[in-house]
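Using the UniProt record's numbering, read the sequence shown as starting at 1 and increasing by one per residue. Glycine included, each C-beta is placed from N, C-alpha and C at the ideal position. Have a look at the structure below, then the notes.
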Amino acid sequence: MNKIIGIGEYAISQNAEDVLKTFALASCVAVTAYSPVLKVAGMIHIALPDPLDREDGKRRPGYYATTGVPLLIKRMGAEFECGIKDLQIKVYGGALSVRADDFFKIGPRNLLAVRDTLASMNLKIMEAQVGGTLSRSIAMDVRTGSISMTTLQINF
């Protein structure tokens, strides 16, 4: 069954029939985590590096890299007994706008926050398809942990 992960959402599954999907990762970043031992897959779709205040981080933890990544990893451990050392981490998205006046550069800032958060948790990125000016959509097969990706050129 397809499980669609929207902006600020995450999903975890151990059902071999499931496929975790998220769409249109431009400046947003998806982090996937997979336990090949337990066949557990997790994915989160992050919109921004960090919350402006604590309350927003508590209210919408999946929306931010600094709160969402730890949430995904902790839930995989608590609910499925995934060992942090067993997780295969992959990162997608974090694109730049093609506009010269892209002042905020959210994509690169999201990537930096994701990388720093993962490093603080002693998690290494196994694969990254990031940056550039591509919008990425990904699908994660829970049975194997494999990722399929489609891309579109960003025109804004």
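By a C-beta neighbour count over all protein chains shown, 10 Å radius and 16 as the cutoff for buried, is residue i buried or exposed?
i: S120; result: exposed
i: N155; result: exposed
i: N110; result: buried
i: R136; result: buried
i: L152; result: exposed
i: I138; result: buried
Determine the extent of the beta strand (DSSP E) in which residue i is found, giving its start and end residues.
i: G93; result: 88 to 93
i: I125; result: 125 to 130
i: K21; result: 19 to 25
i: V31; result: 29 to 35
What is the residue span of the alpha helix (DSSP H) that residue i lies within?
i: I73; result: 65 to 80
i: R59; result: 54 to 59
Which of helix, strand or coil does DSSP assign to residue i?
i: I7; result: coil
i: G42; result: strand
i: N110; result: helix
i: L96; result: coil
i: S120; result: helix
i: R136; result: strand
i: I154; result: coil
Measuring alpha carbon to alpha carbon, tell me which residue in the options is nearest residue i.
i: E127; options: V142, E55, A11, S148; result: S148
i: T32; options: A47, Y10, R143; result: Y10
i: S27; options: A139, I138, G132, C82; result: G132
i: T117; options: L48, V19, D56, P70; result: P70
i: A113; options: L96, R143, I89, T67; result: T67
i: V142; options: I7, D18, G6, G94; result: D18
i: I12; options: R54, P49, F80; result: F80
i: K85; options: L20, T144, V37, A30; result: V37
Flag residue i as yes when its Cβ comes closer than 7 Å to any non-hydrogen atom of the ligand SAM, and as no otherwise.
i: A11; result: Absence of the ligand SAM is noted for the structure shown, with no ligands found whatsoever.
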